[in-house]
Amino acid sequence: DFQEILQSEVYVDLERLRILARHGVPNQLRSEVWKYLLGVQQADRSKELSLSKARREEYEQMDKEDIDTAKRIRGEVLRYQRRVPDVLQEKEYVNSFVNIILAYLNSNRDIEYSASLVSLCAPFIYVMDTECDAYFCFERMMQALEEHSSSFSLKEQVAYFMTLFRCSLPELCNYFEDEEVEILDWSTSWLQNLLSKELRFDNLVRLWDCYFAMSDPLTFHPFVCLSILLSVKEAVEDLEQSEIRTMLHRLPMLNMEM
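Residue numbers 1 to 258, in the UniProt record's numbering, belong to the letters of the sequence shown in order.
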């Protein structure tokens with residue numbers, strides 16, 4: 001089980017850890033497991049303490065200053081806290097969002113601030129024991145998203161998803177067209193932000209357990225989006241345009257077992 005793998009003194013069996021994580025990670029172990037799955041913590045434990053110390057020192061020295069962007073982040077965090085009232089409500093979390101996102105942007109000058117960075121960062125702040133660990137896990141995931149978007153533009157991702165949607169769920173697709181619900185209005189965020197804005201928080205971290213355990217989760221992601229549409233299909237077909245949009249931007253609790 002997880003404890004047996006994580007308590008290994010010499011080497012953490014990442015393959016076994018990935019297999020287990022696909023079925024969900026216990027809340028109290030998620031911090032440690034995600035660090036291994038994302039490659040922040042190395043499987044070889046011989047240099048674990050020195051590497052952890054080096055990470056802390058690197059994070060402490062990062063530039064976390066930008067008054068204008070900090071103000072925008074704080075505003076978006078307040079909106080996020082109203083939207084997701086169950087988690088990250090304490091005031092100190094606001095500073096963690098600001099520090100992590102500014103450290104990331106100041107280290108990646110070609111990337112512009114986007115409000116979606118707050119919802120993408122939130123699970124790491126919630127799960128990790130330290131701000132430093134949250135930063136490096138967030139950075140790893142953002143690197144994966146950037147690499148994927150450099151290979152497949154957002155326009156290509158949306159076009160591919162629209163084709164899958166029409167082929168897999170033609171009735172629902174036609175219903176959206178009849179109700180004038182534009183696929184672009186919601187699918188762009190679903191694809192670009194790994195459902196971090198739309199899923200209930202418990203569902204989101206459960207999905208990311210599975211994603212971080214996979215070698216190529218971003219190829220798998222459009223099919224998860226289709227599966228979600230299938231699961232809400234009956235409920236959606238009873239709704240009108242504005243209600244459909246509301247549901248697609250704030251999904252109900254779902255069964256995320258895979």
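C-beta atoms are modelled at their ideal positions from N, C-alpha and C, and glycine is treated no differently.
None of the values given here were measured: they were computed from a predicted structure.
Other residues of its chain near residue i: CB distance less than 7 angstroms, five sequence neighbours each side excluded
i    : result
A213 : R18, A21, R22 and L37
K35  : Q41, D133 and C137
L164 : P222 and L226
Delimiting residues of the alpha helix (DSSP H) encompassing residue i
i    : result
P217 : P217 to V236
V94  : E92 to S107
S153 : First-last for S153: undefined, no H or E at that position.
G24  : Segment: none, G24 is in no alpha helix (DSSP H) and carries neither H nor E.
V118 : S116 to V127
I67  : I67 to R83
Given residue i as reference, the closest of the options once Cα atoms are compared
i    : options            : result
G39  : V232, V12 and C167 : V12
L248 : E198, Q157 and L14 : E198
H148 : E48, T219 and Q89  : T219
Cβ-based burial, residue i [other Cβ within 10 Å; buried from 16]
i    : result
P222 : buried
P123 : buried
V10  : exposed
I111 : exposed
N27  : exposed
S54  : According to the sequence provided, residue 54 is Ala. The question's Ser does not apply to it. Under this definition A54 is an exposed residue.
D86  : exposed
C-beta atoms of residue i and residue j nearer than 8 angstroms
i    : j    : result
N193 : L254 : no
V33  : E76  : no
M142 : Y104 : yes
Y135 : Y59  : yes
K91  : L172 : no
Sequence-distant residues of the same chain with beta carbon closer than 8 angstroms to residue i, five excluded per side
i    : result
R200 : L251, P252, M253 and L254
Distance cut-off 7 angstroms: residue i Cβ against heavy atoms of the ligand ZN
i   : result
Q42 : As far as ligands go, the structure on display features none, and thus does not contain the ligand ZN.
Cβ shell of residue i (< 6 angstroms), same chain only, five flanking positions each side left out
i    : result
Y211 : P217
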